[in-house]
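Per the working numbering: the sequence shown = residues 5 to 411.
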Amino acid sequence: MALDFKNYIFEAKNTHMTHVEDMVIDGGVAGTRAAINALRDLRNMLAGSTNDTKQVTVKWDGAPAVFAGIDPNDDEFFVAKKGIFNKNPKVYKSHSEIDADTSGDLSDKLKVAYTELKKVVKSGVYQGDIMFIKKDLKTEKIDGLKYITFHPNTIVYAVPTDQAKDIKKSKIGVVWHTKYTGSTFDTMSASFSVKDSDFKATKSVWQKTANLPDISGLATLNKKETDEITKHISMAGKLFQKIKASTLKDVSTNTDINLFINTFRNAKVREQSEITNTTKHTQDLINWIHKRYDKEIKKLKSDKGKARKNAAKIAALDWFNASNKKNLKLMFDMQNELVSAKSKLLTHLDTMDSINTFVKTKNGFKVTGAEGYVAIDHLTNGAVKIVDRMEFSHNNFSKNIIKGWDK
């Protein structure tokens, strides 16, 4: 069955993707089915099944995002930031235009991008991440080995010195992941069908597509690993059958309930707190909503405003009746099974990555996985994030992790 992502995850522009387990919260019954199928398809791919409609790409931790290509309005080459999709698209067609709108490191990178990327983009519009310009490259010794490193954001990418000749010769590094087609910027649609052959080669640009190596027909998961992943996916499916469709629908369509569940879950991720007791988690969520409203009511000055906010509080808490609480607990149990399957798939995907990844701490370098992966269905042009949220959150928010922009 095709992954039914398109209606609620992937919009015309590649600006937002949902974590696979959050498709349950944001997509209702269809989203839950799609989440289970996404993990099942990924398991099948890694177990050796051939399916040309499925693809996995690596999320590279680059910065800034860059758009480059031919302006459909005048056929001129441009580079841009995300403002390309504003009502009045902001694109740069000269160094002077970049200087007028940006400064510092961003300006430096966009000017190199403008000069160099016009040598490689043949036609159309592409989105990628800038990984480095010449001045960002460093030689580092990590665990006794010499590497050429670049550190655009949180993750440090390291290539053994003897394998880094192309990187050392280049003036910019970029990873391409999205292609846009359309006669105007505001009508463009995005696709992940980006191939190496879309670009010309030149020594001054080190470029990659985000695609994982093609493993069609090759079994990279052994039977034990496949069985463990299958166990979690099957349990998620059994729990799915027990959950009332009306609860899943409410969670995805009731704006307040959806916001509360997502916000509370994200807070737990940021605290590095695993959700092991789902009955307690459900009650903790209700208590948190109660306190949140009380805090908001306390800030209000007028009696009318307080009464309105109190009515909203009562309506929100009334939703958590015995039936919805029971089904919410089952939903959280199902999410845990999806996360367990995802974690085992991530462990395997990280062994397939072709570049060393570290985080830089105050005590030296520490091995980390890729930022994550994107599971793509070419039938629907849908995409969903497969990310270790705990590790990603820790790396992003820990004061012990040194970022690429920290001097």
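Note that CB positions come from ideal geometry on N, CA and C, so glycine has one too.
For THR153, the secondary structure class from DSSP, reduced to helix, strand or coil, is strand.
GLU80 sits exposed, since fewer than 16 C-beta atoms from the chains shown fall within 10 Å of its C-beta. VAL371 and LYS348 have their C-alpha atoms spaced approximately 18 angstroms apart. Contiguous beta strand (DSSP E) elements confined to the region 88 to 161 occur at 129 to 137, 142 to 146 and 149 to 154, taking only those with 3 or more residues. Under the DSSP definition of a beta bridge, PRO164 partners with TYR151.
For ILE390, the enclosing beta strand (DSSP E) starts and ends at 386 to 390.
Going by DSSP, ILE74 is part of the beta strand (DSSP E) stretching over 69 to 74. The DSSP-derived three-state label of PHE189 is helix.
In the DSSP assignment, LYS204 falls outside any alpha helix (DSSP H), carrying neither H nor E.
Secondary structure at ASN226: coil, using DSSP grouped into helix, strand and coil. For ASP381, the secondary structure class from DSSP, reduced to helix, strand or coil, is strand.
For ASN367, the three-state secondary structure derived from DSSP is coil. By alpha-carbon distance to ASN270, the top candidate from ASN92, GLY52 and ASP392 is ASP392. Rounded to the nearest whole angstrom, the CA to CA distance from TRP180 to PRO156 is 15 angstroms. Between the alpha carbons of THR384 and THR106 lies a gap of roughly 37 angstroms. The beta carbon of VAL124 sits closer than 8 angstroms to those of PHE203, LYS204, ALA205, THR206, VAL209 and GLN211, all from its chain and outside the five residues before and after it, given in chain order. Three or more Cβ pairs closer than 8 angstroms define a contact, and the region 230 to 239 meets that threshold against the region 334 to 349. Our two residues, GLY52 and SER195, have alpha carbons roughly 25 angstroms apart in a direct line. Annotation for LYS94: ALA84, LYS85, GLY87, ILE88 and ASP105 place their beta carbon closer than 8 angstroms to its own, counting only its chain and skipping 5 residues before and after. Of all C-beta pairs linking the region 183 to 199 to the region 102 to 122, fewer than three are shorter than 8 angstroms, placing the two stretches out of contact.
Between ALA67 and PHE82, the gap from beta carbon to beta carbon reaches 9 angstroms or more. Residues of the same chain with a CB within less than 8 angstroms of the CB of ALA320, apart from the 5 flanking positions on each side, are ASP260, ILE261, PHE264, ILE293 and TYR297 in chain order.
Cα atoms of LYS63 and GLU375: separation of roughly 6 angstroms, rounded to the nearest angstrom. In summary, ASN77 is exposed, with fewer than 16 beta-carbon neighbours lying within 10 Å of its beta-carbon over all protein chains present. Collapsing the DSSP output to three states places ALA374 in coil. Assigned with DSSP and collapsed to three states, GLN276 falls in coil, not helix or strand. Close CB contacts of LEU334 within its chain, under the 6 angstroms cut and outside five residues either way in sequence, are with LEU243, LYS246 and ILE247 (chain order).
Between LYS199 and the set ALA214, SER193, GLU275 and SER358, the nearest pair of CA atoms involves ALA214. Taking THR365 as reference, the option from GLY386, ASN404 and SER358 with the minimal CA-CA separation is ASN404. For VAL116 and ASP231, the gap between their C-alpha atoms comes out near 49 angstroms.
Take THR153, set aside five residues on each side of it, and the residues of its chain with a beta-carbon closer than 6 angstroms to its own are LYS142, GLU144, VAL160 and ALA162, in chain order.
Residue nearest to SER98 within the set GLY408, LEU114, ASN92 and ILE176 is LEU114 (criterion: CA-CA distance). In this structure, DSSP gives ILE261 a helical state, which the three-state scheme calls helix. In terms of Cα proximity to LYS172, the closest of GLY148, THR158, LYS139 and THR267 is LYS139. Annotation for PHE401: the continuous alpha helix (DSSP H) segment containing it runs 393 to 401.
Burial check for ASP322: the Cβ neighbour count within 10 Å stays below 16, so the residue is exposed.
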